[in-house]
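Numbering (this note's numbering), first residue to last: 11 to 292.
Just so it is clear, CB atoms sit at the ideal spot from N, CA and C, and this is done for glycine as well.
Here the structure is a predicted model, which means the values were calculated and not measured.
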Amino acid sequence: MATAASFDQTSRTVCVMDASGRLAAGKLSQSFEGLSCNNKKLKVFHSDPFDYHSILDALKGCCGLFYSFEPPSDQPTYDEFMADVEVRAAHNVLEACAQTNTIDKVVFTSSATTVIWSDSNSKAPDLDERNWSDLNFCRKFELWQALSKTLAEKTAWALAMDRGVNMVTVNGGLLMSPDLTIANPYLKGAAEMYEDGVFVTVDLRFIVDTHIHVFEDIASYGRYLCFNHVINCNEDAVKLANKLLPPSQSSLPQSLGIHQQRISNKKLNKLMVAFDSKHGVD
Numbered sequence: 011m012a013t014a015a016s017f018d019q020t021s022r023t024v025c026v027m028d029a030s031g032r033l034a035a036g037k038l039s040q041s042f043e044g045l046s047c048n049n050k051k052l053k054v055f056h057s058d059p060f061d062y063h064s065i066l067d068a069l070k071g072c073c074g075l076f077y078s079f080e081p082p083s084d085q086p087t088y089d090e091f092m093a094d095v096e097v098r099a100a101h102n103v104l105e106a107c108a109q110t111n112t113i114d115k116v117v118f119t120s121s122a123t124t125v126i127w128s129d130s131n132s133k134a135p136d137l138d139e140r141n142w143s144d145l146n147f148c149r150k151f152e153l154w155q156a157l158s159k160t161l162a163e164k165t166a167w168a169l170a171m172d173r174g175v176n177m178v179t180v181n182g183g184l185l186m187s188p189d190l191t192i193a194n195p196y197l198k199g200a201a202e203m204y205e206d207g208v209f210v211t212v213d214l215r216f217i218v219d220t221h222i223h224v225f226e227d228i229a230s231y232g233r234y235l236c237f238n239h240v241i242n243c244n245e246d247a248v249k250l251a252n253k254l255l256p257p258s259q260s261s262l263p264q265s266l267g268i269h270q271q272r273i274s275n276k277k278l279n280k281l282m283v284a285f286d287s288k289h290g291v292d
């Protein structure tokens with residue numbers, strides 16, 4: 011079950027789905043700071059992304075949607091079947107948005123793993139939003155999270171373009187949340203990401219700011235790679251290993267080398283700078 015939370019601010023209502031996840035909860039707490047759950051302007055729905063009508067109910071009267079997918083509680087980890095689940099959810103949500111005439115913009119949370127995985131990408135210069143992970147490559151190396159996110163995002167884009175839905179995607183790096191563990195599916199292929207210079211991470215505050223900026227800026231469009239750190243040197247790798255593993259298991263070779271960064275978020279940086287300058291943010 012997903013949770014959708016709608017917030018009304020000066021008659022502009024947005025829906026955050028799945029609001030039970032850490033990222034979506036961060037959007038709510040930062041954007042709507044000071045509101046309690048019993049505030050009349052905040053409405054919480056228990057909405058099932060596989061139940062089209064429950065999504066329509068949550069979107070009623072909303073001008074925007076922040077959408078992110080959390081695996082169902084009965085299937086908490088990514089496997090070869092999760093792609094079908096996530097694609098079906100994305101299809102239902104975008105179709106519901108197309109049928110909600112008050113929706114002005116959808117901010118769809120995707121992943122940097124939809125960009126970095128393919129044989130050709132490993133030989134390419136800097137990767138950016140124009141790149142897509144290769145589905146056959148993901149299947150071959152059992153990169154199930156990347157496969158699921160890529161298929162779901164492509165499904166969302168196809169529907170958005172076909173139905174005329176104004177959509178922007180935020181393709182985030184590994185979210186550095188306090189509860190991050192080695193079991194996080196993003197970390198499948200971490201060594202290869204590190205060596206290829208595409209192992210990117212993002213702080214909760216930064217990715218929440220990004221979502222709000224791309225929603226509020228009428229000039230935002232397409233996909234935005236979102237990260238504020240690249241793990242490409244021994245010090246960073248050791249720091250992450252110490253966070254993820256107990257001391258007895260976190261030992262790494264003394265030198266892993268420094269790998270050139272091969273992924274760019276220039277498009278997002280330009281948007282953030284332009285947005286802040288227009289709104290007088292220092």
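The beta-bridge partner set that DSSP reports for His239 consists of Thr211.
In the three-state reduction of the DSSP assignment, Ile65 falls in the helix class, which pools H, G and I. Within the same chain, and ignoring the five residues on either side of Cys72 in sequence, the residues whose Cβ sits closer than 8 Å to its Cβ are Ser16, Thr23, Val24, Cys25, Thr110, Thr112 and Ile113. For the options Lys280, Glu163, Trp127 and Ile228, the alpha carbon positioned closest to that of Phe151 is the one of Trp127. Here the alpha carbons of Pro188 and Val116 stand approximately 28 Å from one another. Under the rule that a run must span 3 or more residues, the beta strand (DSSP E) segments found entirely inside the region 85–171 read 115–121. In chain order, Leu104 place their CB closer than 6 Å to the CB of Leu169, counting only its own chain and leaving out the 5 sequence neighbours on each side.
Taking a C-beta distance under 9 Å as the contact criterion, Val180 and Thr119 qualify as a contact pair. Short of 6 Å from the beta carbon of Tyr77, and not among the five residues preceding or following it, lie these beta carbons of its own chain, in chain order: Met27, Val103 and Phe118. Asn181 carries a strand assignment under DSSP once its states are collapsed to helix, strand and coil. Apart from the 5 residues on each side of it in sequence, Ala99 sits with its Cβ closer than 7 Å to the Cβ of Pro59, Phe60 and Phe79 in its chain, given in chain order. Closest option to Arg140, judged by alpha-carbon separation, among Val212, Ser274 and Ile241: Ser274. Its Cα nearest to that of Asn194, the residue Leu250 stands out among Leu250, His269, Gln270 and Ser130.
An exposed status is given to Thr87, since fewer than 16 other beta-carbon atoms sit within 10 Å of its beta-carbon.
Only buried fits Ala68, as 16 or more other CB atoms lie within 10 angstroms of its CB. A residue is called buried when at least 16 other Cβ atoms come within 10 angstroms of its Cβ; Met282 meets this threshold and is buried. DSSP places Phe76 within a strand segment (E or B) once states are collapsed to three.
For Asp94, the closest of Asn238, Ser143 and Ala162 by C-alpha to C-alpha distance is Ala162.
Taking all protein chains in view, the Cβ of Lys159 is crowded by 16 or more other Cβ atoms within 10 Å, so the residue is classified as buried. For Gly74, the closest C-alpha among the options Cys148, Met92, Asn176 and Gln155 is that of Asn176. In the displayed model, Val24 falls within a strand according to three-state DSSP.
Only residues of its own chain outside the window of five on either side were considered, and among them Met186 and Asn238 have a CB closer than 7 Å to the CB of Asp213, listed in chain order.
Tyr234 is bridged by DSSP to Val180.
Ile217 is bridged by DSSP to nothing; it lacks a bridge partner. Spatial neighbours of Cys236 in its own chain (CB-CB distance under 8 Å, excluding positions within 5 residues in sequence) are listed in chain order as Ala122, Val180, Asn181, Gly182, Gly183, Val212, Phe216, Ile217, Thr220, Asn275 and Leu278. With respect to the 9 Å criterion, Arg149 and Glu90 are classified as neighbours on the basis of their beta carbons. When C-alpha distances from Val248 are compared across Ser230, Ala200 and Pro135, the shortest belongs to Ala200.
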